[in-house]
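Notes follow the structure.
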Amino acid sequence: MLSALLSAGLAGCFAANRTELTCPKQGGPPWVETKSAHFVVKTDLPIDEAKRIAQEAEVARVALLAALGAPPGEESSPVELIVFERLVDFEKLGPRPGLRGFYSPWFAGDLEATPAVVASEGLGYFARSLLLHELTHRFVNLRTRRIPWWLNEGLAEFYSTIRVEDGEIVLGEPRKDRRIWEHDYPLLEELPRQSMLWLPQRNVPAMDQLMGVDEATLPRDKVDYYYAGAHKFVQVLFGATQTNYKARYQQMTSAIMQGADGDIVFANAYKGVLMSEIEGAYQALLVDQREYVTRLPFKAPAQVNFTVRTMRDDEVHVIWSRVSAHFPNQSSPPEDFVLKGLEENPGSPDLLYTRAATHIASGTLLPMPKEVEAYLKADPNDPRRLTALVIWLASRVSRTKDGDKKDQLKAELTAAADRLVAVANSPMQRTAAAQRLLELGRADEALVMSIKSVENAPQCSMCHETLAEILLYHRHFAEAKAAALRARSTFGDHRGLHRFDELLSRIDEAEKEAKQKGGKPDERVGP
């Protein structure tokens with residue numbers, strides 16, 4: 021029986037009253053979706069609150085661009101805001117105790133990347149600062165391909181506190197959930213709907229330690245201290261206490277917005293300033309609890325245009341499954357939420373697709389459930405299904421040892437890939453088709469499809485990454501490097517940048533080997 025497979029701890033849609041994760045049909049609040057130009061808000065808060073969140077997010081985005089000195093009309097792929105009314109519902113999905121939300125550039129069960137901020141208890145201070153932090157990374161990384169860890173995180177922390185008040189952008193306020201003090205012990209102060217973490221000054225890294233760290237060497241037991249230090253460092257550079265630094269800071273950020281290397285622009289902007297002077301200002305500011313605020317004139321955008329709709333129960337189960345996939349060690353796996361939804365909505369396309377995506381993302385060797393496989397093959401004109409199908413078939417081809425079976429699967433993959441080439445209508449779908457064409461040895465077609473992907477979506481990191489792989493196959497090394505660097509700069513999560521550094525290393529090695537052998541740039545090699 022299907023229900024026997026489900027975790028007893030999940031309340032799901034079958035709760036008689038509103039326990040955790042009760043969906044609308046069983047007495048839970050309705051979930052609504054509000055779409056604006058740059059955000060998709062999905063929440064179980066009332067519709068008016070959903071509209072307010074969308075409005076605030078759009079205004080905050082424009083204010084951030086203005087504070088950074090970036091063009092206000094710049095387009096980018098929408099960010100999803102999943103906002104739970106209650107903390108207990110979010111906690112049921114598997115986060116560690118005390119976590120109120122998170123950011124993900126790509127949920128583990130999604131086949132197409134959707135950057136998302138997940139928050140509980142509404143879009144409060146934590147969620148808003150998290151959104152601004154990640155948007156800062158996004159806008160900075162779109163422009164510069166190289167930026168040191170301390171500057172990348174320091175800028176994101178610094179701009180995470182901006183707000184709009186009385187026609188002005190308020191810039192430079194300290195974090196309201198983290199401070200540094202002289203005492204030798206940390207303290208977590210619980211406040212209504214928020215907490216304040218007090219960090220001992222002696223554990224905050226010195227400036228040279230900050231400047232010497234990267235994502236790979238960041239001490240995992242001192243992450244909070246390094247983020248707090250990076251924030252204070254950028255506050256010093258901004259001129260919080262050294263007002264003569266303000267013009268230098270403007271020079272530095274303007275160069276970053278024009279795509280310059282972060283290390284180089286810092287050195288140029290603060291040339292002639294003794295590092296010991298900056299270090300002294302940094303150490304003094306660590307435990308300085310005063311507010312050093314700058315106000316910038318700002319004209320908020322007019323009322324945001326958005327659409328609002330009530331979500332179906334099966335879509336709510338999809339949200340729960342996707343969010344829970346972020347926490348791999350929870351007691352109830354993401355598929356459990358899908359299975360519960362399918363008990364009530366057995367033919368739901370969204371649930372069947374999510375089950376297929378979850379199955380593919382897990383990398384399991386178990387066969388695809390028959391009803392899910394039938395769903396994927398039922399409509400050859402549905403590019404979303406075809407994308408999932410070609411990814412799954414490619415995985416099976418690579419794992420199958422039986423020659424006859426492999427040939428059969430390869431024929432299915434070829435037919436599905438050909439069809440996807442014809443109907444793909446999103447950058448990720450075209451990229452999936454290009455990847456499969458390359459695997460099938462059709463490198464010229466793969467290159468054409470991949471170029472089309474990046475032309476239609478210049479901010480799609482995976483599109484550029486796939487293009488780099490295909491160009492490497494063609495031995496176009498310079499173009500491959502450029503594509504890999506663009507993939508790195510547009511990637512939504514700075515914590516995963518090592519994958520692009522590894523790709524760049526492979527390109528360098530292949531180019532070196534080709535030169536040693538006297539090969540021509542356009543010679544073809546195996547993937």
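In our numbering, the protein residues as written are 21 to 547.
Where a beta carbon is used, it is the ideal one built from N, C-alpha and C, also for glycine.
Given GLU533 as reference, the closest of ALA504, PHE497, HIS518, ALA507 once Cα atoms are compared: On the sequence shown, residue 533 is found 513 positions in, with the first residue counted as 1. Ranking the options by Cα distance to GLU533, first place goes to PHE497.
Nearest-angstrom Cα distance between ILE161 and PHE511? On the sequence shown, residue 161 is found 141 positions in, with the first residue counted as 1. On the sequence shown, residue 511 is found 491 positions in, with the first residue counted as 1. Here residue 161 is Asn; the residue named in the question, Ile, does not match the sequence. For ASN161 and PHE511, the distance between alpha carbons rounds to 8 Å.
Under the DSSP definition of a beta bridge, which residues are partnered with GLU210? For the purposes of this step, residue 210 is identified with residue 190 of the sequence shown, where counting begins at 1. SER215.
Taking the continuous beta strand (DSSP E) assigned at VAL328, which residues delimit it? One-based indexing of the sequence shown puts residue 328 at position 308. Where VAL328 is concerned, the enclosing beta strand (DSSP E) stretches over 327 to 330.
Among GLU529, ALA530, HIS518, ILE471, whose alpha-carbon lies nearest the alpha-carbon of ALA503? Translated into the one-based positions of the sequence shown, residue 503 becomes position 483. Measuring from the Cα of ALA503, the nearest candidate turns out to be ILE471.
Would you report the Cα separation of LYS390 and LEU372, rounded to the nearest angstrom? Taking the sequence shown and counting its residues from 1, the one referred to as residue 390 is at position 370. Taking the sequence shown and counting its residues from 1, the one referred to as residue 372 is at position 352. The straight-line gap from Cα to Cα measures roughly 11 Å.
Determine, using beta carbons only, whether THR103 and LEU150 come nearer to each other than 8 Å. Working through the sequence shown from its first residue, we reach residue 103 at position 83. Working through the sequence shown from its first residue, we reach residue 150 at position 130. Looking at the sequence shown, residue 103 is not Thr but Val. Their beta carbons are not under 8 Å apart, which means VAL103 does not touch LEU150 by this criterion.
Going by CA-CA distance only, name the one from HIS518, LYS537, ILE527, GLU529 that's closest to ASP234. Within the sequence shown, numbered from 1, the residue matching residue 234 stands at position 214. For ASP234, the nearest C-alpha among the options comes from HIS518.
Quick check on this structure: which residue in LYS537, PHE318, LEU306, GLU363 has the alpha carbon closest to the alpha carbon of ASP334? For the purposes of this step, residue 334 is identified with residue 314 of the sequence shown, where counting begins at 1. Among LYS537, PHE318, LEU306, GLU363, the Cα nearest to that of ASP334 is on GLU363.
May I have the straight-line CA-CA distance separating ALA414 from SER344, to the nearest angstrom? Position 394 of the sequence shown, counting from 1, holds the residue named residue 414. Position 324 of the sequence shown, counting from 1, holds the residue named residue 344. The alpha-carbon atoms of ALA414 and SER344 are separated by roughly 26 Å.
Please specify which runs of the alpha helix (DSSP H), each continuous and at least 4 residues long, are wholly inside the region 269 to 298, giving them in chain order. 282 to 289
Inspect the CB distances between the region 259 to 269 and the region 236 to 248 and report whether three or more fall short of 8 Å. no
Residue range of the alpha helix (DSSP H) that includes VAL313: Residue numbering aside, residue 313 sits at position 293 when the sequence shown is read from its first letter. Premise fails: VAL313 is in no alpha helix (DSSP H) and is neither H nor E.
Neighbour-count burial assignment, ILE380, 16 or more Cβ in a 10 Å radius: Taking the first residue of the sequence shown as position 1, residue 380 is located at position 360. Counting Cβ neighbours within 10 Å, ILE380 comes out buried, since at least 16 surround it.
So, with DSSP's three-state summary, where would you put TYR493? The residue given as residue 493 occupies position 473 in the sequence shown. TYR493 falls in the helix class under three-state DSSP.
Do VAL52 and MET331 come within 8 Å of each other at the CB atom, strictly closer than that value? Here residue 331 is taken as the residue at index 311 of the sequence shown, counted from 1. Here residue 52 is taken as the residue at index 32 of the sequence shown, counted from 1. A contact, by the Cβ cut-off of 8 Å.
From the DSSP output, read off the bridge partner residues of GLU53. On the sequence shown, position 33 is the one that residue 53 refers to. Its beta-bridge partners are LYS62, ARG329.
Using only the heavy atoms of the ligand NAP, determine whether one of them is closer than 7 Å to the beta carbon of ALA466. The ligand NAP is absent from the structure shown, which contains no ligand whatsoever.
Could you check the C-alpha separation between ALA304 and LEU208 for me, to the nearest Å? Counting from 1 along the sequence shown, the entry for residue 304 is found at position 284. Counting from 1 along the sequence shown, the entry for residue 208 is found at position 188. Rounded to whole angstroms, ALA304 to LEU208 spans 23 Å at the Cα level.
Which of helix, strand or coil does DSSP assign to GLU141? For the purposes of this step, residue 141 is taken as the residue at position 121 of the sequence shown. In the structure shown, GLU141 sits in coil (DSSP, three-state: anything other than H, G, I, E or B).
Between ARG439 and LEU406, which are expected to be in contact by the criterion C-beta below 8 Å, what is the C-beta distance as a whole number of angstroms? Within the sequence shown, the letter at position 419 stands for residue 439. Within the sequence shown, the letter at position 386 stands for residue 406. That pair is a contact at about 6 Å.
Give a yes or no on contact between the region 180 to 200 and the region 301 to 318, applying the rule of three or more CB pairs nearer than 8 Å. yes
Could you name the residues that DSSP lists as bridge partners for VAL474? Counting from one through the sequence shown, the residue named residue 474 turns up at place 454. For VAL474, which the question treats as bridged, DSSP gives no partner whatsoever.
Report the rounded CA-to-CA distance for GLU543 versus GLU499, giving the unit in angstroms. For the purposes of this step, residue 543 is taken as residue 523 along the sequence shown, with counting starting at 1. For the purposes of this step, residue 499 is taken as residue 479 along the sequence shown, with counting starting at 1. Note that GLU543 scores 49 on pLDDT, short of 50, meaning its location in the model is unreliable and no value can be drawn from it.
Taking 8 Å as the cut-off, decide whether the C-beta atoms of HIS346 and PHE122 are in contact. Along the sequence shown, read from residue 1 onward, the residue named residue 346 stands at position 326. Along the sequence shown, read from residue 1 onward, the residue named residue 122 stands at position 102. Yes, Cβ-Cβ distance for HIS346 and PHE122 is below 8 Å.
Using alpha carbons as the reference points, say which of VAL224, THR327, LEU433 lies closest to GLY461. Indexing the sequence shown from 1 puts residue 461 at position 441. Nearest of VAL224, THR327, LEU433 to GLY461, Cα basis: LEU433.
Spatial neighbours of LEU219 within its chain, please: C-beta separation below 8 Å, excluding the five flanking residues on both sides. As a first step, residue 219 must be located in the sequence shown, where it is residue number 199. Cβ neighbours of LEU219 beyond the five flanking positions: ARG198, ARG199, ILE200, TRP201, PRO206, ASP244, TYR245, ALA248.
LEU548 (DSSP reduced to helix, strand or coil): Only positions 21 to 547 of the chain appear in the structure, and residue 548 is not among them; the question remains open.
Residues sharing a beta bridge with ALA136, DSSP: On the sequence shown, position 116 is the one that residue 136 refers to. Bridge partners of ALA136: GLU100, SER124.
If you measure between the beta carbons of ALA90 and MET277, is that distance less than 8 Å? Counting from one through the sequence shown, the residue named residue 90 turns up at place 70. Counting from one through the sequence shown, the residue named residue 277 turns up at place 257. Yes, Cβ-Cβ distance for ALA90 and MET277 is below 8 Å.
7 Å Cβ shell around GLU173 - same chain, five flanking residues per side excluded: Numbered from 1 along the sequence shown, position 153 holds the residue referred to as residue 173. Result list for GLU173: TYR247, ALA250, in chain order.
What residue does the alpha helix (DSSP H) around LEU171 start on, and which one ends it? On the sequence shown, position 151 is the one that residue 171 refers to. Its alpha helix (DSSP H) spans residues 169 to 179.
Is ALA498 helix, strand or coil by DSSP? Translated into the one-based positions of the sequence shown, residue 498 becomes position 478. DSSP places ALA498 in helix when its eight states are reduced to three.
So what does PRO220 bridge to, in DSSP terms? Within the sequence shown, numbered from 1, the residue matching residue 220 stands at position 200. Paired residues: TRP201.
So, helix, strand or coil for LEU184, using DSSP? Reading the sequence shown from its first residue, position 164 is the one you call residue 184. Just to set this straight, residue 184 is Val in the shown sequence, not Leu. VAL184 falls in the strand class under three-state DSSP.
As assigned by DSSP and simplified to three states, the class of VAL343: Here residue 343 refers to the residue found at position 323 of the sequence shown. In this structure, VAL343 counts as helix in the three-state DSSP scheme.
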